[in-house]
Amino acid sequence: MSSPLIPRRAQRLSELGDRRFDLLVIGGGITGAGTARDAARRGLAVALVEREDFAAGTSSRSSRLIHGGVRYLEHGYLRLVFEASRERRLLLKLAPHLVRPLRFTWPVYEGARVPRWQLAAALTLYDALALFRNVGRHHLLERSGVLEAESALSPDGLRGGASYWDAATDDSRLTLANAIDAAQGSATVVNHAEVVALTRAGTNGRVDGALVRDQLSGAEIRVQARVVLNATGPWTDEVGRMEGTPTGPAVGGTKGVHIAVPAARVGNRAAVTMLSPDDGRVMFALPGATHTIIGTTDTATQEHPYQVRAAGSDVRYLLAACNRFFPAARLTEDDVVCAWAGVRPLVARTNRGDPSAASREHAIQTTAAGVITITGGKLTTYRAMAEQCVDLVVHRVGRSVRTCDTHQAPLPGERAAASAQDVLLDHTLPWRLQDIDQAVQHEFAETVSDVLIRRTTLAFDRKDQGRALAPFVAARMATTLRWTDAGIRISIDEFYRDVQRIFSVAP
Ligand SMILES: Cc1cc2nc3c(=O)[nH]c(=O)nc-3n(C[C@H](O)[C@H](O)[C@H](O)COP(=O)(O)OP(=O)(O)OC[C@H]3O[C@@H](n4cnc5c(N)ncnc54)[C@H](O)[C@@H]3O)c2cc1C
Numbered sequence: 403m404s405s406p407l408i409p410r411r412a413q414r415l416s417e418l419g420d421r422r423f424d425l426l427v428i429g430g431g432i433t434g435a436g437t438a439r440d441a442a443r444r445g446l447a448v449a450l451v452e453r454e455d456f457a458a459g460t461s462s463r464s465s466r467l468i469h470g471g472v473r474y475l476e477h478g479y480l481r482l483v484f485e486a487s488r489e490r491r492l493l494l495k496l497a498p499h500l501v502r503p504l505r506f507t508w509p510v511y512e513g514a515r516v517p518r519w520q521l522a523a524a525l526t527l528y529d530a531l532a533l534f535r536n537v538g539r540h541h542l543l544e545r546s547g548v549l550e551a552e553s554a555l556s557p558d559g560l561r562g563g564a565s566y567w568d569a570a571t572d573d574s575r576l577t578l579a580n581a582i583d584a585a586q587g588s589a590t591v592v593n594h595a596e597v598v599a600l601t602r603a604g605t606n607g608r609v610d611g612a613l614v615r616d617q618l619s620g621a622e623i624r625v626q627a628r629v630v631l632n633a634t635g636p637w638t639d640e641v642g643r644m645e646g647t648p649t650g651p652a653v654g655g656t657k658g659v660h661i662a663v664p665a666a667r668v669g670n671r672a673a674v675t676m677l678s679p680d681d682g683r684v685m686f687a688l689p690g691a692t693h694t695i696i697g698t699t700d701t702a703t704q705e706h707p708y709q710v711r712a713a714g715s716d717v718r719y720l721l722a723a724c725n726r727f728f729p730a731a732r733l734t735e736d737d738v739v740c741a742w743a744g745v746r747p748l749v750a751r752t753n754r755g756d757p758s759a760a761s762r763e764h765a766i767q768t769t770a771a772g773v774i775t776i777t778g779g780k781l782t783t784y785r786a787m788a789e790q791c792v793d794l795v796v797h798r799v800g801r802s803v804r805t806c807d808t809h810q811a812p813l814p815g816e817r818a819a820a821s822a823q824d825v826l827l828d829h830t831l832p833w834r835l836q837d838i839d840q841a842v843q844h845e846f847a848e849t850v851s852d853v854l855i856r857r858t859t860l861a862f863d864r865k866d867q868g869r870a871l872a873p874f875v876a877a878r879m880a881t882t883l884r885w886t887d888a889g890i891r892i893s894i895d896e897f898y899r900d901v902q903r904i905f906s907v908a909p
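Sequential numbering from 403 applies to the sequence shown in this note's numbering.
Here you go:
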């Protein structure tokens with residue numbers, strides 16, 4: 403079945419200036435893309451602008467889990483777990499190409515902060531909050547059962563454990579699928595387009611749109627909209643300040659770091675839940691394409707979300723946990739294939755004291771100048787967040803539209819499996835030559851970074867972060883995007899700078 407075509411970038415940019423929108427969504431992370439999709443499906447005239455690329459912010463730095471959030475139980479966030487479990491169930495059904503079941507083993511060692519009886523109670527509650535409709539129910543395991551499931555785990559002091567289910571996704575492509583569906587449903591969707599100012603009707607009137615700069619040409623476009631939504635995650639306060647009226651902070655971000663290490667060294671078969679030997683925090687060893695991903699940390703940060711990166715101490719903290727649970731791994735900093743960080747856009751008033759205990763629930767507020775601001779939430783709960791936001795927008799716009807259908811509408815974006823004839827970009831990873839063309843022609847990719855960091859996971863999966871592939875990818879993109887030699891060079895250099903910014907480890 404062929405999908406509706408997305409207009410070319412030049413046309414989308416001119417639409418931005420020509421149409422008068424019901425809703426302008428600022429920020430193309432999962433929250434903004436999901437909201438634009440919902441609004442477009444209901445028949446609103448929607449624009450979505452993203453300063454860099456879809457999912458370039460926190461939405462490409464997550465643990466890539468669609469999960470109820472078992473660790474939130476100990477902080478009493480039952481409503482969040484209930485909602486997230488429902489969303490997990492929906493996404494497994496509506497996006498099986500993007501969200502797949504993942505089995506977790508939780509080993510319990512002698513003296514662990516969470517003993518077996520407490521784990522059993524928590525997982526029973528976890529299943530109950532999922533209305534016993536998770537992929538499978540949890541099982542308590544004897545010591546031998548834990549080692550049968552995950553034979554590389556340390557046997558020393560092992561008392562038993564449990565297995566339970568959550569789901570894994572590709573966070574960038576989940577975000578992209580929402581942006582694509584929005585565009586296919588008549589939204590005007592533009593990445594590399596930054597809001598540089600909010601505009602007002604009259605001197606002190608309501609915000610009635612924004613000035614948007616096309617990052618690729620430098621041109622500025624005045625976008626008019628009845629309602630403006632600030633969905634910029636950890637940038638929320640930066641965009642909020644464009645209103646000019648001082649308010650308290652809306653987000654209080656915490657930093658989360660992941661590392662990728664060779665899966666063969668760790669030896670995990672599926673996901674393993676670990677309690678940090680340093681401070682008892684819950685963290686995970688997760689199966690990636692060819693690596694095991696260890697994460698995450700959760701620390702207060704003042705780092706700018708654009709510049710945030712892992713520190714050596716973060717990496718050592720994660721390696722220590724992995725080596726304690728998988729002693730044969732003997733991982734050192736030299737074994738780290740990739741390290742990256744993201745900023746959780748937590749609701750400011752909930753983030754006081756222990757970062758791990760701060761609420762992951764979301765908040766929707768309207769500022770004095772009429773801008774709707776959404777903060778907090780999770781990748782997992784984005785659809786429900788979007789639904790609430792669009793309900794509010796519909797109320798403001800005040801005309802009748804279709805009802806929300808995102809709880810039953812499948813997400814687009816299925817990739818054909820690689821066949822023997824395909825030219826692979828990396829012999830161990832399933833990304834193909836055609837994926838570059840697909841990314842440029844149908845998935846809004848405009849730069850080498852878009853392709854290597856977010857349309858594929860090559861930058862995360864290769865020890866050189868895809869540097870060696872960059873000239874090849876650029877040359878291939880150049881044929882469709884009609885880049886000159888200078889254009890090719892610019893995009894490659896920008897990719898090298900992005901790799902340094904995102905993946906280098908601060909001392
Ligand atoms: C380490 C870590 C692990 C996590 N793991 C999970 C997990 O496993 N499961 C889960 O459910 N959740 C997880 N989360 C939470 C989840 O990733 C976030 O809640 C979610 O991605 C936030 O999305 P967002 O769209 O609100 O923000 P972002 O993804 O940051 O999007 C905001 C966007 O706004 C854009 N922007 C900023 N300023 C402007 C401007 N002036 N004009 C236009 N655009 C602008 C930015 O470029 C950015 O792309 C994790 C978070 C972290 C940090």
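Built from N, CA and C at the ideal position, the CB exists for glycine as well.
Nonlocal neighbours in the same chain, by C-beta distance under 8 Å from residue 418, ignoring five residues either side: 449, 451, 590, 592, 595, 614, 623, 625
7 Å Cβ shell around residue 403 - same chain, five flanking residues per side excluded: Residue placement at residue 403 is flagged as unreliable, the pLDDT there being 42, under the threshold of 50; the coordinate-derived value follows with that caveat. No residues qualify anywhere along the chain.
Whole-angstrom distance between residue 543 and residue 667, CA atom to CA atom: 24 Å
Residue closest to residue 704, alpha-carbon to alpha-carbon, out of 657, 673, 564: 657
Beta carbon of residue 740 nearer than 8 Å to that of residue 662: yes
C-alpha gap between residue 772 and residue 638, whole angstroms: 15 Å
Best match in 478, 431, 650, 504 for proximity to residue 578 [C-alpha to C-alpha]: 431
Residues near residue 635 by beta carbon distance below 6 Å, same chain, minus five either side: 431, 459, 460, 747
Three-state class that DSSP yields for residue 881 in the structure shown: helix
Integer-rounded CB distance, given that residue 803 should sit under 8 Å from residue 440: In fact, because the Cβ distance is near 11 Å, the residues do not count as touching under 8 Å.
Residue 419 - DSSP class collapsed to helix/strand/coil: helix
Assigned secondary structure, residue 622 (DSSP; H/G/I helix, E/B strand, else coil): strand
Unbroken stretches of the alpha helix (DSSP H), 4 residues or longer, contained in the region 674–756: 714–727
Option nearest residue 848 by Cα separation, candidates 879, 837, 830, 873: 879
Within 8 Å, strictly: CB atoms of residue 642 and residue 769: yes
Where residue 767 sits in the DSSP three-state scheme: strand
Proximity test, residue 693 beta-carbon vs ligand 1 heavy atom, cut-off 7 Å: no
Sheet register partners of residue 502 (DSSP bridge): 570
7 Å Cβ shell around residue 722 - same chain, five flanking residues per side excluded: 679, 680
Proximity test, residue 641 beta-carbon vs ligand 1 heavy atom, cut-off 7 Å: yes
N-terminal and C-terminal residue of the alpha helix (DSSP H) that residue 797 is part of: 784–799
Beta-carbon gap between residue 568 and residue 859 smaller than 8 Å: no
Contacts around residue 470, its chain only, beta-carbon distance under 7 Å, and the 5 residues preceding and following it disregarded: 483, 486, 487, 490, 528, 531, 532, 568
Burial state of residue 442 (16 or more Cβ within 10 Å): buried
Where residue 655 falls, given that 16 or more other Cβ within 10 Å makes a residue buried: buried
Which of helix, strand or coil DSSP assigns to residue 610: strand
Distance CB(residue 646)-CB(residue 463) smaller than 8 Å: no
Option nearest residue 903 by Cα separation, candidates 870, 608, 861: 861
Residue 403, DSSP secondary structure in three states: Note that residue 403 scores 42 on pLDDT, short of 50, meaning its location in the model is unreliable and no value can be drawn from it.
Three-state secondary structure assigned by DSSP to residue 564: strand
Host beta strand (DSSP E) of residue 542 (start-end): 541–543
Buried or exposed (CB count within 10 angstroms, at least 16 for buried), residue 583: buried
Any non-hydrogen atom of ligand 1 closer than 7 Å to residue 469 Cβ: yes
Nearest-angstrom beta carbon gap, residue 820 and residue 834 [assumed within contact, 8 Å]: 5 Å
Among 495, 676, 651, the one whose alpha carbon lies nearest that of residue 775: 651
CB contact below 8 Å: residue 572 versus chain D: Going by chain labels, chain D is absent from the structure shown, which holds only one protein chain.
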